[in-house]
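Enquirer:
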Amino acid sequence: MGKISQKERKEGYCKVAGQLCENPFMYVEKIAKNAELGRRTTSKYLKSMYTKNILVGPWMSLNPHPDYKEYVYLMKFSDPPHIFEGLKGFPHVIYHGIALGDWNTMVITDRQLDVSQLVGFESVVYQGVKGHVYTPKVKFTTWDQSLKKMYEQIEKFTPRTPECPEILAPPLEWGEDQWKLYHAFKVNVRKTVSPLLRNINV
3 MGKISQKERK
13 EGYCKVAGQL
23 CENPFMYVEK
33 IAKNAELGRR
43 TTSKYLKSMY
53 TKNILVGPWM
63 SLNPHPDYKE
73 YVYLMKFSDP
83 PHIFEGLKGF
93 PHVIYHGIAL
103 GDWNTMVITD
113 RQLDVSQLVG
123 FESVVYQGVK
133 GHVYTPKVKF
143 TTWDQSLKKM
153 YEQIEKFTPR
163 TPECPEILAP
173 PLEWGEDQWK
183 LYHAFKVNVR
193 KTVSPLLRNI
203 NV
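Throughout the sequence shown, residue numbering follows our numbering, covering 3 to 204 in sequence.
(1) Looking at the structure shown, is residue 117 part of a helix, part of a strand, or coil, going by DSSP?
(2) Do you know offhand how far residue 20's Cα is from residue 62's?
(3) Using the Cβ count rule (16 or more neighbours within 10 Å means buried), how would you classify residue 109?
(4) Let me know the secondary structure DSSP gives residue 79 once reduced to three states.
(5) On the CB-based measure, 16 or more other CB atoms within 10 Å of its CB, does residue 18 come out buried or exposed?
(6) What is the rounded straight-line gap between the Cα of residue 55 and the Cα of residue 195?
(7) Cα separation between residue 42 and residue 35?
(8) Residues in the same chain with beta-carbon distance under 7 Å from residue 214, minus the five sequence neighbours each way, listed in chain order, please.
(9) Specify the secondary structure class of residue 125 as computed by DSSP and reduced to three states.
(10) Could you pull out every residue in the same chain whose Cβ sits closer than 8 Å to the Cβ of residue 13, ignoring the five residues on either side in sequence?
(11) Among the candidates 33, 53, 52, whose CA atom is the shortest distance from the CA of residue 44?
(12) Entirely within the region 8 to 51 and at least 4 residues each: give me those alpha helix (DSSP H) ranges in chain order.
(13) Measure the CB-CB distance between residue 67 and residue 121 and report whether it falls below 9 Å.
(14) Could you tell me whether the Cβ atoms of residue 197 and residue 69 are closer together than 9 Å?
(15) Pull up the distance between the alpha-carbon of residue 8 and that of residue 22, whole angstroms please.
(16) In its own chain, which residues sit with a C-beta less than 6 Å from the C-beta of residue 75, not counting the 5 before and 5 after it?
(17) How about residue 16 and residue 191: are their beta carbons less than 9 Å apart?
(18) Alpha carbons only, please: which of 48, 176, 65 is nearest the one belonging to residue 213?
(19) So, with DSSP's three-state summary, where would you put residue 177?
(20) So which of 146, 38, 193, 25 has the shortest CA-CA distance to residue 137?
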């Protein structure tokens, strides 16, 4: 077999990622079969995508429920890189990132915070309970096709009330070990289990 072109590799990456969207726990052999790729090629693609941060996760997210809510803050700060560094390890901050546009900082927390007290704070564009999360299936397409689709959606967009309002999930009766497992696996459910369990004492 000759050298794989960049286009073929991207198509292969997309096929593998698409299978993980279907089932994040799928074995490599099954991914290879469904994607019509060789097992070694599939393993190589997976390793390459994780190494290059092309593929992150698959991750999991809890829907809002009475026992646990996450809060989203879209904010403007005078010095986003400074606040980004300052939020590393900050209590109750689950995720934070820098953005461009009307808001330059996004923060997700597991408690409500008074963000106006943070250094360099200018304004909150939006804050509220994080709702249900939907991640669309990976699709192999070009930038031109993607942008065309986006513009079509924007042109025909009509603001309206959501068809199904977000409802809190039933209460979770989790103990300490279940919460440890959730937090350990939520950013990547394909982590190697044994060393992780030893690390979190479960």
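Backbone N, C-alpha and C fix where the C-beta goes; we use that ideal spot for every residue, glycine too.
Expert: Taking the coordinates as given:
(1) Collapsing the DSSP output to three states places residue 117 in a helix.
(2) Those two C-alpha atoms are separated by around 16 Å.
(3) Buried, because 16 or more other Cβ atoms sit within 10 Å of the Cβ of residue 109.
(4) Strand at residue 79.
(5) That one is buried.
(6) If I take the Cα positions, the gap works out to 21 Å.
(7) The straight-line gap from Cα to Cα measures roughly 12 Å.
(8) The shown model of the chain, from 3 to 204, leaves out residue 214, and the question about it has no answer.
(9) For residue 125, the secondary structure class from DSSP, reduced to helix, strand or coil, is strand.
(10) Here the set comprises 142.
(11) In terms of CA proximity to residue 44, 33 leads the group 33, 53, 52.
(12) Qualifying alpha helix (DSSP H) stretches, in chain order: 8 to 24, 30 to 37.
(13) Not in contact: residue 67 and residue 121 (Cβ atoms no closer than 9 Å).
(14) Contact check for residue 197 against residue 69 fails: the beta carbons are separated by 9 Å or more.
(15) Near 21 Å, if we compare the C-alpha coordinates of residue 22 and residue 8.
(16) Closer than 6 Å at the Cβ level, and outside the excluded window around residue 75, lie 109, 117, 129.
(17) Inclusion of residue 16 and residue 191 in the CB contact set at 9 Å is not warranted, their separation being larger than that value.
(18) Absent from the model: residue 213. The displayed extent of the chain is 3 to 204, so no value can be given.
(19) Here residue 177 sits in coil by DSSP.
(20) Of the candidates 146, 38, 193, 25, the one whose C-alpha sits nearest the C-alpha of residue 137 is 25.
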